[in-house]
Structure formats: C-alpha cells, structure tokens
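Chemist: First, the structure itself, so that you have it in front of you.
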Amino acid sequence: MPATALLSESLAVQRELFAERLAAYREQGLQVFASSSFQTHSIPMLHLISELDRSIPVVFLQTGFHFPETLAFRDQIAGQLGLRVINVESVVPKLAQRDPAGRFHFASDPTYCCYLNKTKPMEPILAQYDVWITGVRSDQSENRKKFTLEAPGPFNTLRFHPMLDWTNKMIHQYRKAYQLLPHPLEAKGYLSIGCAPCTQRFSLGEGDNRGGRWAGLKKTECGLHTDLATPGNS
C-alpha cells in the first residue's frame, strides 16, 4: 500500500495545498527557498519538499551552538531525502560574540545572540529569493497564531507557511505513514530543540512543547518570525 493511502483526508488536503502553491510559484518564475532547524516536527515539510521539488534549497542556520545530535540528524535527513542544504553562519566570529565580562552573549543577552547568529545571517538570503518557506505552526505560540498562510516579508519576499494548520497529531501521522525518523534527542525529553545553551528538556510545568526554550525568560522567539515578519503578520 502506498504511503499516500495511509494519510488522513486532512493531511491529503494539506499535501495538495503545498503542491499547488509550489506549482504557482514556479509558474510565476519566483525563486524559492526553505529554512529548517531539523527538529522532529520539521521533517514532514522537508519530506514534502523532497517529493515536490528537490531543487529548493534548505537553509540551516549554523549558529555554532547546536547540539551535535542536531548536526548529525541534519546530515542524515538531507542524505535520505536528497535535500540541498545550505549552511549559513554569522559573519561575526565567536570570539567577538562576548560581553565585556567575557561571557558569550547567549548567557548575558540571548536576544542579541539570536540576532547575530540567526536574524542577521538570514537577511542576505532573503535578498536573493522571492519566497521563504518556513515550518511555523499556529499552535506553537501566541505570536504564530497571528500568521496567515502567506504574508509579506522583508526584502520584498513572500513568507509561505505551509505547516500553519498542522498539529502534533498530524505530524505524527505523517511521519508514521512515511516512516520518518524523529530527532534523536526527542527520546530524551527534548520536544523543541534550538541551540544547546538555550534548550532544556520539556517539563510538564512549562505548559507547551516550546517551554524548554529559553526557560525562565520571557523570550519565546529567536527573531526569525518576529523581526523578519511584517508587522500585523506576526
């Protein structure tokens, strides 16, 4: 039985919507790229890209602070799905990413650290492309609940959020249908995985799957979906 036959009606609809939008972008001659952090919930989007258009590059923001497991998983998934991954790094060397006391910014000013290693490095990429595919979902945060399927982005780009209406259950069903592996740290309790210094295991007291990110701080976003989202669509 083909994997597509195992998909629920809602998943089949989401898959078709993704395919239709990509076809429309191609017809318009638009340059498209995707970005991914290669977490478990990112894999269905990457699988869809691999089946619909492998020419779409996938940008991975190599902050220098990722878990080794994330880097290995990135390479594993890219190889299995035949993805063209572009690793993008900050132009600011790590030795210059320290405060006057010598601490890395992730310890003293995590928002600035995200700016140096995620937001700023993404800007030149946006200047090169017309459409940015991201895997944000509306159930991930209050900020993301305000997103629409498509929205204007910086540098005259169009943000496309094909996973916006997906739920954890849908992601699990899709992964099961296509036998897609989870991030290796998920089994150890890491349900949302960013840079190692700012990520901890999920705790029931945190309230949501992203609770392990920047724990104890009011910070909930790295800036990609706030600073690089048009006001009113973030």
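Going by our numbering, the first residue of the sequence shown is number 11, and it counts up by one from there.
Beta carbons are placed, not taken as given, at the ideal position from N, Cα and C, and that holds for glycine.
1. Are Val-102 and Leu-126 closer than 7 Å when you measure CB to CB?
2. Please classify Ala-22: is it buried, with 16 or more other beta-carbons within 10 angstroms of its beta-carbon, or exposed?
3. Any idea what DSSP makes of Ile-66, helix, strand or coil?
4. Whole alpha helix (DSSP H) runs in the stretch 131–214 with 4 or more residues, listed along the chain?
5. Just tell me which of Leu-56, Thr-158, Phe-77 has its CA closest to the CA of Val-95.
6. Is Leu-32 near Val-141, with beta carbons less than 7 Å apart?
7. Since Phe-28 is in the alpha helix (DSSP H), which residue starts that stretch and which ends it?
8. Secondary structure at Ala-111, three-state DSSP: helix, strand or coil?
9. Quick one, which of Pro-164, Ser-148, Asn-153, Gln-150 has its alpha-carbon nearest Lys-130's?
10. Would you list the residues sitting across from Asn-127 in a DSSP beta bridge?
11. For Gly-217, which residues in the same chain have their Cβ closer than 6 Å to its Cβ, ignoring the five residues on either side in sequence?
12. So what does Arg-94 bridge to, in DSSP terms?
13. Would you check if the distance between the CB atom of Gln-90 and the CB atom of Ile-203 is smaller than 7 Å?
Modeler: The structure says:
1. yes
2. exposed
3. coil
4. 178–188
5. Leu-56
6. no
7. 19–37
8. coil
9. Pro-164
10. In DSSP, Asn-127 forms no bridge with anything.
11. Unreliable placement is indicated for Gly-217, whose pLDDT of 49 sits below 50; no coordinate value is reported for it.
12. Pro-67
13. no
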